[in-house]
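With the working numbering applied, the sequence shown covers 1006 to 1365.
Where a beta carbon is used, it is the ideal one built from N, C-alpha and C, also for glycine.
To start, the structure under review is shown below, and the notes come after it.
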Amino acid sequence: MNLKTLATALLTATVGLTACSSDDGEPSAAVLRPAAEVTLLITPNGIGDNGYNDCIVDGLFRFYEQTGVPVKLLQPNDSAEAVSMYKSWLSDHQVADSAVLVVGSSAYEQMVTSQLPRLTGTGSRVLLMESLLSQEGVSSVFINRYGVSYWAGAMLHDCPVMVYAAAPGIPVLEPAIEGFLDGHDCQLPHEGRDSVAMVYYLTDTESGFASAETAYKFMFNYIYEFDGDLLFDVTVFPLLGGSGSGVIRAINDIRLTTSMLVGMDVDQSALSQHIPFSVVTRIDRVLSDYLTDWREGRDWPRTQELGLKDGATDIVLSTTYVHPFAAYINNGTADAQQIKERYDLYREEALRKEAEYEKR
């Protein structure tokens, strides 16, 4: 997303609907209509991550462009400022009509539970993204990434892989980690199959979603140490939010590496020649559907879980990917045609596995 375009859109979109005035300065009754407003609270320093946050912001502004409903974007500098913004919004809109607050991340779940909304205005709602929180006054939607991650892991079943996640124990990440590892293990051991699968965590807290420089240093040193002979062909599956930009920068800086990287949240193939495909989350579409239902007066479910079968997740193949050393590497996912074949081969299996996972 172009940040200059985003900033221009923000300035335009946050201008509320202004009623025309009659000659005596009073609003004309003919043009008065109920106020409506949508506010999105995203994670600290989220804009510009070329991933989840940019995608959800894009969905917000697409809704504005299609409907004219004013929108506001709140981006705190840290968690303390996020809490302050949240409390201020609740106070300012407690009795307002048609006001929506979209809390853009499960990282804010504790903040929401510590002060549940008590909105009395008609049509006013709070939506918590990436969560299955079931509380009065809040609707929540969770994107289950097990199925799409299984699909990705299966496509890489004979390649050494590394899951690099923001922190352990985060509910939104656990299905993705499990799904990817299950998919990578979908084939029985055979000659030429390297079943090595490693899991590393960036931090032990949710600050791992906003620690791009730390991710860069780790990944640069890791690849540099193990990739010196050009034979260590690992593929990184990053579950890092905004910190993923550090991994992309590291793999690009070591230009002779044979390592690969799965793009995350949006199609990131344009960011690196080392990305053969991206695991995408259609969070922009999910948000737009929720806001459209709200605008048309339809109720939201208290909680909802979406996944591959719902079109909320998908895999997008790079149209330009060529492994930098494809002429020397004959196994794994070095061959773009092989990736395409596995994309077609494992999709239905991933859907079945997702259905099985949901029944657990």
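Nearest residue (CA-CA) to residue i, options the options
i       : options                               : result
Leu1161 : Tyr1151, Arg1150 and Phe1185          : Phe1185
Val1239 : Val1285, Ala1217 and His1279          : His1279
Trp1305 : Gly1128, Ile1061 and Gly1053          : Gly1128
Val999  : Ile1148, Ile1259 and Gln1080          : Given a span of 1006 to 1365 for the chain in the structure shown, any question on residue 999 remains unanswerable.
Arg1287 : Leu1095, Ser1084, Val1153 and Thr1118 : Val1153
Phe1225 : Ile1182, Leu1261 and Met1116          : Leu1261
Glu1301 : Leu1065, Leu1045 and Thr1072          : Thr1072
Ser1283 : Arg1290, Ser1096, Val1271 and Leu1124 : Val1271
Gly1251 : Gly1056, Leu1132 and Leu1313          : Gly1056
Trp1156 : Glu1135, Phe1242 and Gln1080          : Phe1242
Tyr1091 : Leu1133, Ala1355, Thr1308 and Asp1063 : Leu1133
Trp1299 : Phe1066, Gly1316, Leu1045 and Val1105 : Val1105
Leu1137 : Leu1313, Thr1308, Glu1230 and Ile1320 : Thr1308
Ala1313 : Arg1352, Leu1276, Ser1277 and Asp1289 : One detail in the question is off: residue 1313 reads as Leu in this sequence, not Ala. Looking at the Cα atoms, Arg1352 is the closest of the given residues.
Gln1192 : Arg1365, Leu1350 and Ser1216          : Leu1350
Gln1120 : Val1146, Glu1135 and Ser1093          : Ser1093
Ala1355 : Ala1159, Val1117, Asp1209 and Ser1139 : Ala1159
Ser1084 : Leu1078, Ile1061 and Met1116          : Met1116
Gln1080 : Glu1179, Ile1061, Met1203 and Asp1258 : Ile1061
Lys1222 : Ala1181, Lys1364, Asn1257 and Pro1165 : Asn1257
Residue i, enclosing alpha helix (DSSP H) - first and last residue
i       : result
Thr1072 : Tyr1057 to Thr1072
Val1153 : Tyr1151 to Met1160
Status (buried if at least 16 other CB within 10 Å, exposed otherwise) for residue i
i       : result
Glu1114 : buried
Arg1347 : buried
Glu1211 : buried
Ser1089 : exposed
Glu1141 : exposed
Val1267 : buried
Val1107 : buried
Ser1110 : buried
Glu1390 : No answer is possible for residue 1390: it lies beyond the span of the chain, which begins at 1006 and ends at 1365.
Tyr1205 : exposed
Ala1255 : buried
Glu1218 : exposed
Lys976  : Past the boundaries of the shown model lies residue 976; the chain is included only from 1006 to 1365, so the question cannot be answered.
Pro1176 : exposed
Leu1065 : buried
Asp1054 : buried
Gly1174 : exposed
Ser1145 : buried
Backbone secondary structure at residue i - three-state DSSP
i       : result
Leu996  : No information on residue 996 is available, as it lies outside the stretch 1006 to 1365 that the chain covers here.
Ile1259 : coil
Gln1115 : helix
Lys1077 : strand
Asp1319 : strand
Tyr1205 : strand
Thr1297 : helix
Glu1179 : helix
Gln1192 : coil
Ala1170 : strand
Val1252 : helix
Ser1274 : helix
Ile1148 : strand
Val1291 : helix
Gln1343 : helix
Leu1356 : helix
Own chain partners of residue i with C-beta closer than 8 Å, once the 5 adjacent residues on each side are dropped
i       : result
Thr1324 : Ser1274
Asn1082 : Pro1049 and Asn1050
Phe1068 : Val1043, Val1074, Val1076, Leu1292, Ser1293, Leu1296 and Thr1297
Asn1058 : Ile1047, Thr1048, Gly1051, Ile1052, Gly1109, Gly1246 and Gly1247
Proximal residues to residue i (C-beta, below 6 Å), its chain only, five neighbours per side dropped
i       : result
Gly1126 : Val1100, Ala1101 and Asp1102
Ala1383 : Absent from the model: residue 1383. The displayed extent of the chain is 1006 to 1365, so no value can be given.
Tyr1362 : Tyr1151
Leu1311 : Ile1148 and Ala1317
Asp1187 : Tyr1155
Asp1319 : Val1285
Val1131 : Leu1106, Pro1122 and Val1143
Residue i - containing beta strand (DSSP E), residue span
i       : result
Ser1096 : No beta strand (DSSP E) contains Ser1096, which is instead part of the alpha helix (DSSP H) from Ser1084 to Asp1097.
Gly1268 : Gly1268 to Asp1270
Asp1214 : Reading off the sequence, residue 1214 comes out as Phe, not Asp. Per DSSP, Phe1214 belongs to no beta strand (DSSP E) and is neither H nor E.
Val1107 : Ala1104 to Val1108
Glu1042 : Glu1042 to Leu1046
Leu1133 : Arg1130 to Met1134
Val1285 : Phe1282 to Thr1286
Pro1243 : Thr1240 to Leu1244
Thr957  : An answer regarding residue 957 cannot be provided, because it is not within the stretch 1006 to 1365 covered by the chain.
Check: residue i C-beta below 7 Å from any heavy atom of the ligand NAD
i       : result
Tyr1169 : Among the components of this structure there are no ligands whatsoever, and the ligand NAD is therefore not found.
7 Å CB neighbourhood of residue i in its chain, flanking five on each side removed
i       : result
Phe1214 : Thr1048, Ala1112, Ala1171, Leu1245, Gly1246, Gly1247 and Ser1248
Ser1322 : The amino acid at residue 1322 is misidentified as Ser; the sequence shows Leu. Once the five neighbours on either side are set aside, the close Cβ partners of Leu1322 are Phe1282, Ile1344, Lys1345 and Tyr1348.
Ser1216 : Leu1207, Thr1208 and Ser1248
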